[in-house]
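K.L.:
Protein chains in written order, with this note's numbering: chain P, 336 to 606; chain L, 5 to 160. We treat Cβ as the ideally placed atom computed from N, Cα and C, and that holds for glycine. All figures in this text were calculated on a predicted structure; none of them were measured in a lab.
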Amino acid sequence: MRFEPRAPREGINVSATHPLREAALLVAGVSAIFAALILVVGWSVEWAVRWIPPELEARTFGDWAHHLSSPEHEAERLAVEALARRLAMHWPGAPYEFQVTVSDEPEVNAMALPGGTILVTKGLLRESQSENELAFVVGHELGHFRNRDQLRRLGRGILYELTASALFGFNATAPEVTGFLGQMADRGFDREQERAADRFGLELVQAEYGHVAGAGRFFERLVSRTSGLGDLAAYVSTHPASSDRLEDLRDYAAERGWRREGVLQPWTRSD
Amino acid sequence: MEALTQLGITLMVLTVTYLVGSAIERRHFDSLRKREARLRAFPTVTFERLPEGWQVADSGLAMGSTVVSLDYFKRFLAGLRGILGGRVRSYEPLLDRARREALLRMTEGAVADGYDAIVNVRLETSRLASSRGRGKGTAGVEMLAFGTAVKLVRQP
Ligand SMILES: [Zn+2]
């Protein structure tokens, strides 16, 4: 037998594709899938929201958020709930029986939950310097209910989670991907939704008090304090671009000829 | 903002691991080529039986192994591949290096011990479980090359 030494051949077991080219192709492909996913989820949610009547939503989610409220805030909870219902009187045919839940968090935040529950944080109540100011924040959340943003957010969150885990559940990258998608879904509402809710909130404040004084005050403080955000960070992250919105509110009030000066109702601040 | 910071950090880690990883890979391939050229005349064959005419004076087990793991960049590419499907190109050079390194180590060991050839060469791979992710993750892969090293009777 003859043994003839040969050098091992290269280029068979290793692809010639440059790693960066490979990276570009893969990122483009996966981005296309994500874009399609976001579109499809967006469409299905729009479609579902149109077909689920508010009454069904209210019955389904009824008072699930009731338990979130801690009993020591009951007096405040009732006060905010009364305010919310007073504001809702200016929304004829509101399909929800609005309820308020006070959460213990020190961050300033408010949220519309499916079924007609408005969640306000302890931090928000502490930060509010007049009833008018708080009324605008509550009115803003009522605006989300009117446009059914809360249901959209819920639907989007569920669909993203489901599709992502169905698609990538088995994959090594899955936690990062689902985490990212979840973050995107959790970013809250987009600029248009916020603007619509702002305007509706302002309308309610105008209808209730006959002027819109104090409505923007909350934003003004947010904007002037953006350097040392502190607990306002939460509200800014779910309600972006406060300075733009403040400007839009001023324009909207001026357009309608609403007074921006007036007597503010006191809000008994808690500690 | 937070998402942007996260993205920035991820991109940075990707860039660094790509640069470092490809530099290491290039050097390793150079070293492989050089050592393979040096050992080219040493027969390592996969025959189970000795070729006719070989007279064995002594034999022993020759073994060489490497453990390789992924860098972040390669893992990232492979993760995306797991979504789209297709050849996992980023793993190929890594495993090629592992195979050749294991074979070289086996051969170098046999040469150092004064053997003349290795027959019945085999390659085996095993996955090392990671403590992360309930044993689903991979800490790395071991590539083992082994065979029977033989000393031949010199014909006078
Ligand atoms: Zn909002």
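If the criterion is Cβ atoms closer than 7 Å, does the pair Ser-547/P and Ala-588/P meet it?
P.N.:
First, the amino acid is wrong: residue 547/P is Val here, not Ser. Yes, the Cβ-Cβ distance between Val-547/P and Ala-588/P is below 7 Å.
K.L.:
Does the beta carbon of Val-375/P come closer than 7 Å to any beta carbon on chain B?
P.N.:
Absent from the structure: chain B. Protein chains present are P and L.
K.L.:
Kindly identify the DSSP beta-bridge partner or partners of Gln-464/P.
P.N.:
BP columns for Gln-464/P are empty, so no partner.
K.L.:
Suppose the cutoff is 6 Å on Cβ atoms and the five residues either side in sequence are ignored; what does the same chain contact list for Glu-105/L look like?
P.N.:
Cβ within range, chain order: Thr-70.
K.L.:
Can you check whether the C-beta of Phe-338/P is within less than 7 Å of a C-beta belonging to chain L?
P.N.:
Answer yes: the Cβ-Cβ gap between Phe-338/P and chain L drops below 7 Å somewhere.
K.L.:
Here's the rule I'm using: 16 or more other beta-carbon atoms within 10 Å means buried, otherwise exposed. How should Thr-561/P be labelled?
P.N.:
Bear in mind that the predicted position of Thr-561/P carries a pLDDT of just 49, short of 50, making it unreliable; the figure below should be weighed with that in mind. With fewer than 16 Cβ atoms within 10 Å of its Cβ, Thr-561/P is classed as exposed.
K.L.:
Does the beta-carbon distance from Glu-115/L to Thr-129/L come in below 7 Å?
P.N.:
Position check: residue 115/L holds Val in this sequence, whereas Glu was assumed. It is not a contact, given that the beta carbons lie outside the stated cut-off.
K.L.:
What does a CB cutoff of less than 6 Å around Gly-597/P pick up in its chain, not counting 5 residues either side in sequence?
P.N.:
Result list for Gly-597/P: His-546, Ala-548, in chain order.
K.L.:
Which word fits Trp-378/P, buried or exposed, when buried means at least 16 other C-beta atoms lie within 10 angstroms of its C-beta?
P.N.:
With fewer than 16 other Cβ atoms within 10 Å, it is exposed.
K.L.:
In angstroms with no decimal places, state the Cα-to-Cα distance between Val-540/P and Gly-551/P.
P.N.:
Roughly 11 Å between the two C-alpha positions.
K.L.:
Does DSSP put Arg-552/P in a helix, in a strand, or in coil?
P.N.:
In the structure shown, Arg-552/P sits in a helix (DSSP, three-state: H, G or I).
K.L.:
Need the endpoints of the beta strand (DSSP E) that Pro-446/P sits in, please.
P.N.:
Before going further, note that residue 446/P is Met rather than Pro in the sequence given. 445-448 is the extent of the beta strand (DSSP E) around Met-446/P.
K.L.:
At a cut-off of 6 Å, would you count Glu-527/P as near ligand 1, judging by its Cβ distance to the nearest heavy atom?
P.N.:
For ligand 1, not one heavy atom lies less than 6 Å from the Cβ of Glu-527/P.
K.L.:
Please tell me whether Asp-100/L has its Cβ less than 7 Å away from any Cβ of chain P.
P.N.:
Chain P, which has a Cβ nearer than 7 Å to the Cβ of Asp-100/L, makes this yes.
K.L.:
Use the C-beta contact count for Arg-289/P: other C-beta atoms within 10 angstroms, 16 or more gives buried, fewer gives exposed.
P.N.:
Examination of residue 289/P is not possible in this model, given that chain P is present from 336 through 606 alone.
K.L.:
By a C-beta neighbour count over all protein chains shown, 10 Å radius and 16 as the cutoff for buried, is Leu-62/L buried or exposed?
P.N.:
Leu is not the amino acid found at residue 62/L; the sequence shown has Asp there. So Asp-62/L counts as exposed.
K.L.:
Beta carbon of Ala-532/P: closer than 6 Å to some heavy atom of ligand 1?
P.N.:
Checking every heavy atom of ligand 1 against the Cβ of Ala-532/P, one is found closer than 6 Å.
K.L.:
Examine chain P for any beta-carbon lying closer than 7 Å to the beta-carbon of Ala-45/L, and answer yes or no.
P.N.:
Judged by the 7 Å Cβ criterion, Ala-45/L is in contact with chain P.
K.L.:
Count the other CB atoms within 10 Å of the CB of His-479/P; is the residue buried (16 or more) or exposed (fewer)?
P.N.:
Looking at its Cβ environment, which holds 16 or more other Cβ atoms inside 10 Å, His-479/P is buried.
K.L.:
How far does the alpha helix (DSSP H) with Leu-360/P in it extend, from its first residue to its last?
P.N.:
Per DSSP, Leu-360/P belongs to the alpha helix (DSSP H) from 354-386.
K.L.:
Comparing alpha-carbon positions, which option in Lys-155/L, Gly-83/L, Asp-34/L, Leu-88/L lies nearest Asp-117/L?
P.N.:
Comparing Cα positions, the closest option is Lys-155/L.
K.L.:
For the alpha helix (DSSP H) that Ile-87/L lies in, which residues bound it at each end?
P.N.:
Note, Ile-87/L: alpha helix (DSSP H), 76-88.
K.L.:
Go ahead and label Gln-434/P buried or exposed: buried means 16 or more other beta carbons lie within 10 angstroms of its beta carbon, across all protein chains shown.
P.N.:
Gln-434/P is buried by the Cβ-count criterion.
K.L.:
Show which residues of chain L have a CB atom less than 7 Å away from the CB atom of Thr-352/P.
P.N.:
Per Cβ cutoff of 7 Å: Arg-93.
K.L.:
Please report whether the beta-carbon of Leu-584/P lies at a distance below 7 Å from any beta-carbon of chain L.
P.N.:
No, no contact with chain L.
K.L.:
Can you check which of these residues, Ala-532/P, Arg-580/P, Val-349/P, is closest to Glu-29/L by C-alpha distance?
P.N.:
Nearest of Ala-532/P, Arg-580/P, Val-349/P to Glu-29/L, Cα basis: Val-349/P.
K.L.:
Determine, for Ile-122/L, whether the minimum Cβ-Cβ distance to residues of chain P falls below 7 Å.
P.N.:
It does not: the Cβ of Ile-122/L has no partner Cβ on chain P nearer than 7 Å.
K.L.:
Where does Ser-130/L sit, in a helix, a strand or coil, going by DSSP?
P.N.:
Strand at Ser-130/L.
K.L.:
Taking 7 Å as the threshold (beta carbon to beta carbon), is Ala-358/P in contact with chain L?
P.N.:
Taking Cβ atoms only, chain L reaches closer than 7 Å to Ala-358/P, which makes this a yes.
K.L.:
Using a Cβ-Cβ distance cut-off of 7 Å, determine whether Glu-29/L contacts chain P.
P.N.:
By this cut-off, Glu-29/L is not an interface position.
K.L.:
Does the beta carbon of Leu-81/L come closer than 7 Å to any beta carbon on chain P?
P.N.:
Chain P, which has a Cβ nearer than 7 Å to the Cβ of Leu-81/L, makes this yes.
K.L.:
With DSSP collapsed to three states, give me the class of Leu-107/L.
P.N.:
In this structure, Leu-107/L counts as helix in the three-state DSSP scheme.
K.L.:
Report the option in Ala-66/L, Thr-152/L, Thr-111/L whose CA atom is closest to the CA atom of Ala-2/L.
P.N.:
Past the boundaries of the shown model lies residue 2/L; chain L is included only from 5 to 160, so the question cannot be answered.
K.L.:
Under a three-way DSSP split, which group does Leu-581/P fall into?
P.N.:
The answer is helix: DSSP assigns Leu-581/P an H, G or I state.
K.L.:
Using the beta-carbon count (16 or more within 10 Å), is Phe-80/L buried or exposed?
P.N.:
Looking at its Cβ environment, which holds 16 or more other Cβ atoms inside 10 Å, Phe-80/L is buried.
K.L.:
Which whole-angstrom value is the C-beta distance of Asp-498/P and Leu-374/P, which I expect to be below 8 Å?
P.N.:
The sequence given here has Thr at residue 498/P, not Asp. Between Leu-374/P and Thr-498/P the Cβ distance is about 12 Å, and since that is not below 8 Å, they are no contact.
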